[in-house]
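Here's the structure we're looking at; comments come further down.
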Amino acid sequence: MILESDSQVLVHALNSGEYERALIGVLLQETRSICHANFESFSFSFCNRNCNKAAHELAVFGFRSGAADLSWIEYAPDFVSVLVASDIAEPV
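So the sequence shown is numbered by my numbering: it starts at -5 and just counts up by one.
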């Protein structure tokens, strides 16, 4: 499993363990624990925001909606489907 983020600080924090005593330390430890428990192999990797427009737009959508829980059971919203198709079509 490769978990990508457009935050270099977050990726560094997850990979280094340097922030264990910070307020966010418990969340970082929990994230690593969940990954260890559920995946044979995993890594945290930086990915420029332009590389994953769908994830970025979903985060913006969730933030703007103010909803505590958003989910789609069968099909993603049209704006997500278009962005995923665009991400797949663009060469890296």
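A virtual CB, placed ideally from N, CA and C, is assigned to each residue, including glycine.
Remember, predicted model here, so these are calculated numbers, not experimental data.
- Message: When you compare the CB positions of L77 and K47, do they come within less than 8 Å of one another, or not?
- Response: The count along the sequence shown starts at 1 and reaches residue 77 at position 83. The count along the sequence shown starts at 1 and reaches residue 47 at position 53. The answer is yes: Cβ separation under 8 Å.
- Message: At 3 residues or longer, what runs of the beta strand (DSSP E) sit wholly inside the region 1 to 70?
- Response: 37 to 40
- State the CB to CB distance for the pair N42 and D81, rounded to an integer number of angstroms; the pair is presumed to be in contact (CB under 8 Å). Taking the first residue of the sequence shown as position 1, residue 42 is located at position 48. Taking the first residue of the sequence shown as position 1, residue 81 is located at position 87. N42 to D81, Cβ: 12 Å. No contact.
- Query: Less than 8 Å separating the beta-carbons of L52 and T25?
  - Reply: Sequence index remark: in the sequence shown, residue 52 carries index 58 (1-based). Sequence index remark: in the sequence shown, residue 25 carries index 31 (1-based). The answer is no: Cβ separation not under 8 Å.
- Test item: CB-CB of S65 and E(-2) under 8 Å: Numbered from 1 along the sequence shown, position 71 holds the residue referred to as residue 65. Numbered from 1 along the sequence shown, position 4 holds the residue referred to as residue -2. Not closer than 8 Å, so no.
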